[in-house]
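Trainee: Residue numbers (this note's numbering): 1 to 75. Virtual Cβ for every residue (Gly too), placed ideally from N, Cα, C. Please read all numbers here as calculations on a predicted model, not as lab measurements.
As structure tokens, then:
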């Protein structure tokens, strides 16, 4: 099974307009990560502080950066 982030295009008009696969929704204390081999999102850790993500956080499909992960995005 091919991973979703490899199937989706980067966006309708990259780099100006891109799609984002949201891994962590705004207001959440759970940190999720994409397992790029399996193509699924899993719980990486729970933040045990008052911190909540103030934005949606995720990845841009069909991109790759030096840290061996797709490019991060905040929405």
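#1: Find out if the Cβ-Cβ distance for the pair residue 29, residue 53 is shorter than 9 Å.
#2: Reducing DSSP to helix, strand and coil, say where residue 45 ends up.
#3: State the Cα-Cα distance for the pair residue 26 and residue 57, rounded to the nearest angstrom.
#4: Could you give the uninterrupted runs of the beta strand (DSSP E) lying entirely in the region 2-56, keeping only those of 3 residues or more?
#5: Hey, residue 6 and residue 61: beta-carbon distance below 9 Å or not?
Mentor: With the structure as the only source:
#1: In the chain shown, the residue the question calls residue 29 occupies position 29. In the chain shown, the residue the question calls residue 53 occupies position 53. A contact, by the Cβ cut-off of 9 Å.
#2: Here residue 45 corresponds to residue number 45 of the chain shown, with the count starting at 1. Of the three classes helix, strand and coil, the one that applies to residue 45 here is strand, per DSSP.
#3: As a first step, residue 26 must be located in the chain shown, where it is residue number 26. As a first step, residue 57 must be located in the chain shown, where it is residue number 57. Spanning the two alpha carbons is a distance of roughly 7 Å.
#4: 21-24, 30-35, 40-46
#5: Mapped onto the chain shown, residue 6 falls at position 6. Mapped onto the chain shown, residue 61 falls at position 61. In this structure, residue 61 lies closer than 9 Å to residue 6 by Cβ.
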